[in-house]
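Student: Sharing a structure with you now.
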Ligand code: SF4
Ligand code: SF4
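Residue numbers (the working numbering): 575 to 773.
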């Protein structure tokens, strides 16, 4: 049986809290002045890989279509090159909007599950937080175990060869005085840069 895809958007699909939450973040206030010229999409070096170009993301955000925005791979592919921000004729900080969306997605766990970039970012953070250093072979292994088992099997021979030639180390590396690193990271967590930290 044929399935029908609905392309019409209804008011009921909007989240009325979404646009105000993004626009309240410094750098994202000018979103409503977007004229949908598409300059950001045209200049973006990664837009050919995005399922929605930056211009469309800007429009969906300002009208509150949170689900569509959060299901898109666009914010995760944005490399923060700032080309869109520099060229926008309305001085909208498109890159800052992308950052704000990424932060919201992480906070609310709204990212595409098993999407490699999200998994890679999370595993990278966990590894650096725990040991103070990153180990390539461990990171890549974790990435493929959590996203694509077949890819792990495909890459196994290359990985073994790189270890054999001494390009990758199997032994994880640790920094000295890890407790100090944890204290710094915990402090940032307790007192994010936007909040006033106690003297
Ligand atoms: S370049 Fe600026 S005004 Fe044009 S679509 Fe992008 S955000 Fe909107
Ligand atoms: S900052 Fe992101 S969205 Fe803007 S042009 Fe660069 S990659 Fe594209």
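Don't be surprised by glycine CBs; every beta carbon is placed ideally from N, CA and C.
Since we're looking at a predicted model, the values are computed, not measured.
1. Is residue 631 near residue 646, with beta carbons less than 8 Å apart?
2. Can you check which of these residues, 718, 703, 713 and 706, is closest to residue 689 by C-alpha distance?
3. Looking only at its own chain, which residues have a Cβ that is under 7 Å from the Cβ of residue 617, when we skip the five neighbours before and after it?
4. Taking contact to mean 3 or more Cβ pairs, one atom from each stretch, closer than 8 Å, check whether the stretch 589-603 and the stretch 664-672 are in contact.
5. CA-CA distance, residue 756 and residue 728?
6. Near residue 636, what residues of its chain come up, given a Cβ to Cβ distance below 7 Å and the 5 sequence neighbours on each side ignored?
7. Is the beta carbon of residue 669 within less than 7 Å of some heavy atom of ligand 2?
8. Using the Cα positions of residue 584 and residue 725, report the straight-line distance between them to the nearest angstrom.
9. Is the Cβ-Cβ distance between residue 628 and residue 611 less than 8 Å?
10. So, using beta-carbon positions, are residue 746 and residue 712 closer together than 8 Å?
Tutor: In short, the structure shows the following:
1. yes
2. With distances taken between Cα atoms, residue 689 lies closest to 718.
3. 657, 658 and 661
4. yes
5. When rounded, the distance between both Cα atoms is 36 Å.
6. Same-chain partners within the cutoff: 593, 605, 606 and 608.
7. yes
8. 40 Å
9. no
10. Yes, they are a contact pair.
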